Structure formats: C-alpha cells, structure tokens
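K.L.:
Each residue of the sequence shown is one higher than the last, beginning at 1 in UniProt numbering. Glycine residues also receive a C-beta, built at the ideal position from the N, C-alpha and C atoms. These figures come from a predicted structure and were not determined experimentally.
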Amino acid sequence: MNKILKIFQDDIKSVMTNWAAALVIIALMFIPSLYAWFNIIASWDPYGNTGGIPIAVINEDNGTVLRGKKINIGEEVVKSLKQNKSLGWDFVDAKKADQGVKHGDYFASITIPKDFSKKIGTVLSDNPQKPVLIYVVNEKINAIAPKITAKGATGIKEQISKNFVKTANGVIFDIFNQLGIELQKNLPDIEKLKTMIFWLNDHLTEAENIINTSNQDADQAEKIVADLQVKINEVDSILGHAQELSEQLTTFFDSNKETFENLAPAVKQNLIFMEQTAADVEQVTGILLSNTANTKEKQSALNDGITRLTALIHAETLLINLLNQVNGLGTAPLFTGEIAQLNKQKDSAERLLNNLKTIQSLGTPSQDLLVRTNQIASDLSSGLGLLVNQYDSKIEPKFAQISDAAKQVPVKANEFFANADQTLLQIKKILQDAAAGIAIGKRDLALIKRDFPAVKQKITNLANQIREFEKTEDIRDIIDLLRNDVKKESDFFAEPVLLKEKRLFPIPNYGSAMSPFFTTLALWVGATLLISLIPVEVHDLPGTYHPNHVYLGRFLTFLTVALCQALIVTAGDILLLKTYVVDKTWFILFGLLISAIFMLITYTLVSIFGNVGKGLAIVFLVLQISGAGGTFPVQVMPSFFQKLHPFLPFTYAISLMREAVGGIEWDVAKHDLTILSMITVITLIFGLVLKGPIEKYGGTMQKKAKESRLIH
Numbered sequence: 001m002n003k004i005l006k007i008f009q010d011d012i013k014s015v016m017t018n019w020a021a022a023l024v025i026i027a028l029m030f031i032p033s034l035y036a037w038f039n040i041i042a043s044w045d046p047y048g049n050t051g052g053i054p055i056a057v058i059n060e061d062n063g064t065v066l067r068g069k070k071i072n073i074g075e076e077v078v079k080s081l082k083q084n085k086s087l088g089w090d091f092v093d094a095k096k097a098d099q100g101v102k103h104g105d106y107f108a109s110i111t112i113p114k115d116f117s118k119k120i121g122t123v124l125s126d127n128p129q130k131p132v133l134i135y136v137v138n139e140k141i142n143a144i145a146p147k148i149t150a151k152g153a154t155g156i157k158e159q160i161s162k163n164f165v166k167t168a169n170g171v172i173f174d175i176f177n178q179l180g181i182e183l184q185k186n187l188p189d190i191e192k193l194k195t196m197i198f199w200l201n202d203h204l205t206e207a208e209n210i211i212n213t214s215n216q217d218a219d220q221a222e223k224i225v226a227d228l229q230v231k232i233n234e235v236d237s238i239l240g241h242a243q244e245l246s247e248q249l250t251t252f253f254d255s256n257k258e259t260f261e262n263l264a265p266a267v268k269q270n271l272i273f274m275e276q277t278a279a280d281v282e283q284v285t286g287i288l289l290s291n292t293a294n295t296k297e298k299q300s301a302l303n304d305g306i307t308r309l310t311a312l313i314h315a316e317t318l319l320i321n322l323l324n325q326v327n328g329l330g331t332a333p334l335f336t337g338e339i340a341q342l343n344k345q346k347d348s349a350e351r352l353l354n355n356l357k358t359i360q361s362l363g364t365p366s367q368d369l370l371v372r373t374n375q376i377a378s379d380l381s382s383g384l385g386l387l388v389n390q391y392d393s394k395i396e397p398k399f400a401q402i403s404d405a406a407k408q409v410p411v412k413a414n415e416f417f418a419n420a421d422q423t424l425l426q427i428k429k430i431l432q433d434a435a436a437g438i439a440i441g442k443r444d445l446a447l448i449k450r451d452f453p454a455v456k457q458k459i460t461n462l463a464n465q466i467r468e469f470e471k472t473e474d475i476r477d478i479i480d481l482l483r484n485d486v487k488k489e490s491d492f493f494a495e496p497v498l499l500k501e502k503r504l505f506p507i508p509n510y511g512s513a514m515s516p517f518f519t520t521l522a523l524w525v526g527a528t529l530l531i532s533l534i535p536v537e538v539h540d541l542p543g544t545y546h547p548n549h550v551y552l553g554r555f556l557t558f559l560t561v562a563l564c565q566a567l568i569v570t571a572g573d574i575l576l577l578k579t580y581v582v583d584k585t586w587f588i589l590f591g592l593l594i595s596a597i598f599m600l601i602t603y604t605l606v607s608i609f610g611n612v613g614k615g616l617a618i619v620f621l622v623l624q625i626s627g628a629g630g631t632f633p634v635q636v637m638p639s640f641f642q643k644l645h646p647f648l649p650f651t652y653a654i655s656l657m658r659e660a661v662g663g664i665e666w667d668v669a670k671h672d673l674t675i676l677s678m679i680t681v682i683t684l685i686f687g688l689v690l691k692g693p694i695e696k697y698g699g700t701m702q703k704k705a706k707e708s709r710l711i712h
C-alpha cells in the first residue's frame, strides 16, 4: 500500500512543481465539459424552433361553385397557415418554390393544385374524386428536417380532412334536423288528416242509410251531405300540406340515401376500436400480473389502461345511444340483442375501470384482485371480439333492413297521398251530386245510390292503408331520429375518439433530456484524452515496483483528474446551463461514480495492452454511441446493436443519469448500480491478474514500436 501511495504522491508532486504539466492537467479537466455543454446547448429546444424551417406554399386553387355558393379551399388553407407559426411557411409561386427547394432555400414545398376545391365538391356527385396535395422535399439538405416538414404536410392534410368531415356531417345533420322540425311542425295536420279519414270511414254506413231513406228524410240527408262536404274541404286543405311534406321527405331520402348506408361502417369501426382497446387493456392487466415488470413499467401500464378504458366506455355509451335511436325504425326492434350485449360489456368495462383505480390507490394490491381484474379484461376482450366477428353476418344485414325500411317511408307516403288525392276528388264530386240530387228530388237519388258503394270502398281502403302504415312505421320515431344537436353530432363524427395524455417524469426541454447522454459521453471522452496524453508507466529503476503497484498507484492519479472532470461537467450542467435536474445531488454523485468506472476501464485497457488499448477504448466509444440508446430507442436499431445493448457500460450509465434528471425510481437505479459495480469488479480483477504477465511478455513489442519514433 505504501508503494502505491508513493507513486500517487510523486505524481501529484510532479504536477505541482511543473507549471506546464499543471496547465495540461487543468486543460484536461475542462475539455470534456466543453464537449458536453456545447452539444447540450445546440440541442436545447430544436422542436420548439421549427418556425425557422422554411417551407414554400403554392396555392393554385381556382375554387369552385357548390350549390350556388363559391368556395375556395386553397385560400382557406393559406389563411390558416398564416396564423400557424409551427413552421416557416412562405407563400410563393411555383417557379420560385421549385428553384428554392432545389437550391436549399426551402426544405420542402406544398402545392395546392388548381382543381383542389373542384375535386372536394365532387363528393356530392356520382363520381367523387379525392383531392391531392403535392409535397416536394429536398432530403439532401438535412437528415431530420424532411421528417419535420413531412409532419407539417401531413398536418395540413389532416386538418383539411377533419374540417371537411365536420362541415359535411354538419350539413347532413342540419338537413336531418330541419326535416325533423318540419315533420314535427306539420304533425298536427297529419294527425288531423288521419282523424278526418277515420271519421269519414266511420260515418259512411250512416251516409249510405240516409241516401237509402232520403225520400223519407231529405232534409236530414241534405244536412249530413253538407257536413261531409265541409269535412272533405278540410281534408283537402290538410292533404295539400301533407303532399308538400311528402315531396320534401322524398327529396330528402333521395339526396341523403347514403347517410343510412354509412351508419353500418361507422358502427363497425367503433366495434373494432373497442375490441382493440379491450385487447390493449388485457395486455395491461397481464403486465400488472407479471413478475418480470418493474414498478415503473407497471405504473405506466396502469395509467395507460385507465385512459384507454375511459375512452372505451365513452365509445360504448355513444354506440348504445345510436342503436337505441335506430332500433325502432324497422318492422320490429332489430338491435335489442346487440344493445343488451353492449350494455353487458359496458358494465364489465366499468367494473374493470373501478378495479384499476383501486389497484392504483392501493399501490401493492392483492394477487386475488389482480387475477380477478385480468379475468374481467379477458372476458371484455372476448365479448367485444364476438360482436366484431358477428358483425358481417348478423349486424350489417340489420342496418340494410333499416335502410330499406327508411327508403319505403316516402314511397308509402307518396302512394297514400296520391290515393287520397284521387279519392277525395271523387268524393267531392259525388257529394256535389248528392247535394244536387237532394235539391232536385228523388230523380237523381238512383244515380247517387249507384256510385256510393264505390266511394265507400275507396274510403275504407284509404283508412286501412293508414292503419297498415301505423303498424310498421311511427312518424314520431322518424322525427326523433332526424332531430339532433347539429354541432355535437358533426363534432363527434369529425373526431370520434379523444386522447388524454398524462406525462410521467416530465422534462421541459430537449437539451435537458439529452444531458444524460452528452454528459456520459463527455466522461468517456475525458477518460480517453487522459490515457492518450498521460503515460500509464512509472519511469523508475527496474524492480522498484511490482506491476500491480504501478497499476494501482498510477490509477489514483488518473482517478483524481477524472473525478475533477465529472465534478466540473455535472455542476456546470446544473449551474451554468440551468439544465432541468430533479435530484441534483445524485446527478453529481452518479457522475463522479460513472467517471471513476470509465477511467478504470480505459486505464486498464492501456495499462495492459498499451497503444492497442487506446484503440480499443475508441472502438468501445464508437460502439456505445451507436448501441447504448442514448439518442434513439434501441428497439429501432438493427438487431446487432439490440443484442450488444445489454453489455455496454453506457447503457447503465445513461439510465442512471436519466433517473437523476427525471426523478429517481430506486428499483431502476439499483439495477443500474449493480451492473456498473459488476463491471468495475471484473475490470479490476482483469487488470490485477493480467498486468504482470502481459507486461513481462509484451514489453519487447512495445520497446520495438517505440524505436520507430512514430509510436510512443
């Protein structure tokens, strides 16, 4: 031990008494810090400064006329982008944009073609065409910028699509609502018309008897016929309004026939979304049961499961309400079974949500609660999967029946009102004849008596048609379906599912999030600089020190400088750069520990292998930059780096520093510390065991290399 300390003391003395050596050592202490600090500052907030990325926007849209109204989607997009500061939008002509993208003045260009609005307007035609945005990107300029500009182009497309869906659905539901209001407003007239026809039907026999006995009671016959004429005139007036309403109903169903047909795909998409969400929640409960998942992973999975279940229950509620609305439109209720199944699945989802919230509040739930929760999730996923599997064979045909029934409503109404109109004309003529017959006496009673049975039959048929219509259709159900909150309905179909985001361990800027990687990298770079500039041998008389004395004694010198490097870079991150660090003390302590370990690894490589060890230290640096997952998730890297990842010191060093930055989860930190401790022990044993033998047999090679005066 004395010899080890003697070597260390001599090194310190040499530095303190030689100003040139002291300057070199001080420089070596600060250089790694500069490496980390410049990189952290350069990447402080790149995604918050995307407003400086120039993108050319060319609007060539000529607009179009839709139902008598002039629209220009291109102008609306330009107006919206002028308020959008997320990217550097520049509104230019095609020639300038093309030249600018080629020469790097713009990273990309987005062209709105001449027929953009025109193609959007074809949605109301028999041959709808999808409009196209032309996106041109120069991928030569920068590796990341094309990804950012592509997000901007996709955002424009999605915003146009969302606004179009919202507007189109708003128009459709507004038409629905207006027709429902019109039907409801005319409902008293429709009911009155029905009542009048039934009254006529009920009094036809009485009228027939009066005609048969008109010779004995002509005055009474005259009064009844007059009453009938008054009633017929009222019916005729009401029928005029009813026919106008029937024509509106026919026009509505002709222009919106696809709306009922589109309900089925929307329901299917909702069922698929609910099934997928239930499957995801089942995976969450599986993670909660798993013995391999750590506390951080379980907490993250639990929060994700609660968020997904909330969205699932919301979607189930909306779908149940929709099915309840359309359930009575057919000849009989069609969706009673499906509604019952969905209510059952909704109850299961609510029980599952309550269980997850209980698990979250308990922190350490019982195994029985976890097992029951997993079983509920499995049953929920299976139940919704069964509904999806039954959709094509059982559910979709029912929507077809609903659509067919809806299409028959205006047809039956038109047939009914046409028959009613023709019948009323005949009745009015007959009653006029009846009045004239009463006036001129019995002479014309024979003619009236001859025609009256036909009139009676026609009115009876008309009444029967009304009763048959009421058996299969209820106009109040149609009114309830058509009447709606236009804004709420259109908003729902434009964005049926909402995302609620909850951030764990939030870090306010990208530079702070990258500080664990750049700080760790700087510590390895600092260690590599030390082994490159400071010799690991002790120049003394042969035989004075054992190789292990030299190994440990000179390491203390390297360790001292490495700890100073770590203290400067970690304290500078916090105090100079103001990086976000939750546990500042642990950030510095972890940095000191990591620097000591890195110094031991690189020092051991050079101490044993000489110049070859310096090369190995650089090779390890390159592999760790690529494979440690410091910038991109290791899961997106090639399989070679994924397999290499668990064996790299950077992996656990970066993870440990991230814990200090975002907030320490001690089960994660203890795992990282354990692995780093194992690496330290293995490296130390490796150095102590091999230092002597390799120095003994490798000295000749090193001596020969130095004779070249190219290698020291």
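So, at 8 Å on beta carbons, what are the nonlocal neighbours of Ala21 in its own chain, with the 5 sequence-adjacent residues on each side left out?
P.N.:
Within the same chain, Ala21 has close Cβ partners Ser14 and Val15.
K.L.:
Taking just the CA atoms, how far does Leu387 sit from Ile320?
P.N.:
Computed Cα separation, rounded: 13 Å.
K.L.:
Using the rule of at least 16 other Cβ atoms within 10 Å of the residue's Cβ for burial, across every protein chain shown, is Lys130 buried or exposed?
P.N.:
When all chains shown are included, Lys130 counts as exposed.
K.L.:
For Gln9, count the other beta carbons within 10 Å of its own beta carbon; 16 or more makes it buried, fewer makes it exposed. Which is it?
P.N.:
Under this definition Gln9 is an exposed residue.
K.L.:
Candidates Val606, Ile654 and Phe609: which alpha carbon is nearest Gln624's?
P.N.:
The option with the nearest alpha carbon to Gln624 is Ile654.
K.L.:
Based on the DSSP output, what are the partners of Ala562 in its beta bridges?
P.N.:
BP columns for Ala562 are empty, so no partner.
K.L.:
Taking the alpha carbon of residue 718 as the point to measure from, which residue in Lys95, Leu289, Lys114 and Ile112 has its own alpha carbon closest?
P.N.:
Absent from the model: residue 718. The displayed extent of the chain is 1 to 712, so no value can be given.
K.L.:
Taking C-beta to C-beta, are Ser109 and Val136 nearer than 9 Å?
P.N.:
Their beta carbons are under 9 Å apart, which means Ser109 touches Val136 by this criterion.
K.L.:
How far does the alpha helix (DSSP H) with Tyr510 in it extend, from its first residue to its last?
P.N.:
Taken as a continuous stretch (DSSP letters only), the alpha helix (DSSP H) holding Tyr510 covers Tyr510 to Leu533.
K.L.:
For Leu592 versus Thr560, is the C-beta spacing smaller than 9 Å?
P.N.:
Result no, Cβ atoms of Leu592 and Thr560 do not sit closer than 9 Å.
K.L.:
Quick one: Cα of Trp89 to Cα of His103, how far?
P.N.:
Each residue's alpha carbon lies about 17 Å from the other.
K.L.:
Between the C-alpha atoms of Gly629 and Thr651, what's the straight-line distance to the nearest angstrom?
P.N.:
Approximately 7 Å between the Cα atoms of the pair.
K.L.:
Assuming contact is defined by CB atoms lying nearer than 9 Å, are Leu380 and Gln345 in contact in what I supplied?
P.N.:
Yes; because the gap between Cβ atoms is below 9 Å, this pair is in contact.
K.L.:
Assign Ile172 to one of three DSSP states: helix, strand, or coil.
P.N.:
Reliability fails at Ile172, whose pLDDT of 47 lies under 50, so the model's placement of it is uncertain and no value is given.
K.L.:
With DSSP as the reference, please indicate the residues paired to Pro453 in a beta bridge.
P.N.:
Per DSSP, none; premise fails for Pro453.
K.L.:
Is DSSP giving Ile594 helix, strand or coil here?
P.N.:
The answer is helix: DSSP assigns Ile594 an H, G or I state.
K.L.:
Are there 16 or more other CB atoms within 10 angstroms of the CB of Ile41, so buried, or fewer, so exposed?
P.N.:
So Ile41 ends up on the exposed side.
K.L.:
Need the endpoints of the beta strand (DSSP E) that Tyr391 sits in, please.
P.N.:
Note, Tyr391: premise wrong, no beta strand (DSSP E); not H, not E.
K.L.:
Who are Phe91's beta bridge partners in DSSP?
P.N.:
DSSP lists Val57 as partners of Phe91.
K.L.:
Just mark Ile26 as buried or exposed, buried being the case when its beta carbon has 16 or more other beta carbons within 10 Å.
P.N.:
Exposed, by the Cβ-count rule.
K.L.:
Per DSSP, Ala108 forms a beta bridge with which residues?
P.N.:
The partner list for Ala108 (beta bridge, DSSP) reads Ile55 and Val137.
K.L.:
For Leu322, which of Phe335, Leu312, Ala311 and Thr310 has the nearest alpha-carbon?
P.N.:
Of Phe335, Leu312, Ala311 and Thr310, the residue nearest in Cα terms is Phe335.
K.L.:
Taking one C-beta from the segment 382-398 and one from the segment 288-308 each time, how about it: are there three or more such pairs within less than 8 Å?
P.N.:
No: fewer than three Cβ pairs fall under 8 Å.
K.L.:
Check whether the segment 600-618 and the segment 633-646 touch, using three or more Cβ-Cβ pairs below 8 Å as the test.
P.N.:
No, the segment 600-618 does not touch the segment 633-646.
K.L.:
Quick one: is Ile12 buried, meaning 16 or more other Cβ sit within 10 Å of its Cβ, or exposed?
P.N.:
Counting Cβ neighbours within 10 Å, Ile12 comes out exposed, since fewer than 16 surround it.
K.L.:
Under 9 Å between the Cβ atoms of Ile58 and Ser117?
P.N.:
Not in contact: Ile58 and Ser117 (Cβ atoms no closer than 9 Å).
K.L.:
Please report the straight-line C-alpha distance between Ala513 and Glu75, rounded to a whole angstrom.
P.N.:
Ala513 and Glu75: Cα-Cα distance of roughly 40 Å.
K.L.:
Please work out which residues of its chain come closer than 6 Å, Cβ to Cβ, to His549, disregarding the five sequence neighbours upstream and downstream, and give them in chain order.
P.N.:
Once the five neighbours on either side are set aside, the close Cβ partners of His549 are Lys3 and Ile4.
K.L.:
Does the Cβ-Cβ distance between Asn343 and Ala315 come in under 9 Å?
P.N.:
No, Cβ-Cβ distance for Asn343 and Ala315 is not below 9 Å.
K.L.:
Tell whether a beta-carbon distance below 9 Å holds between Tyr580 and Asn509.
P.N.:
Yes, the pair counts as a contact, with Cβ atoms nearer than the cut-off.
K.L.:
The beta strand (DSSP E) with Lys82 in it runs from where to where?
P.N.:
Looking at the DSSP string, Lys82 is not in any beta strand (DSSP E); the run it does join, the alpha helix (DSSP H), is Ile73 to Lys82.
K.L.:
Where residue 745 and Met657 are concerned, what is the direct C-alpha to C-alpha distance, given to the nearest angstrom?
P.N.:
For the chain, the structure presents residues 1 to 712; residue 745 sits outside this window and is missing.
K.L.:
Roughly how many whole angstroms lie between the Cα atoms of Val101 and Thr111?
P.N.:
If you take the alpha carbons of Val101 and Thr111, they lie about 12 Å apart.
K.L.:
Quick one, are the C-beta atoms of Ala527 and Phe590 less than 9 Å apart?
P.N.:
Their beta carbons are not under 9 Å apart, which means Ala527 does not touch Phe590 by this criterion.
K.L.:
Assign Gly511 to buried or exposed, taking buried as 16 or more other Cβ atoms, counted over all protein chains shown, within 10 Å of its Cβ.
P.N.:
Flag for Gly511 reads buried.
K.L.:
Going by other Cβ atoms of all chains shown within 10 Å of its Cβ, with 16 needed for buried, is Gly121 buried or exposed?
P.N.:
Looking at its Cβ environment, which holds 16 or more other Cβ atoms inside 10 Å, Gly121 is buried.
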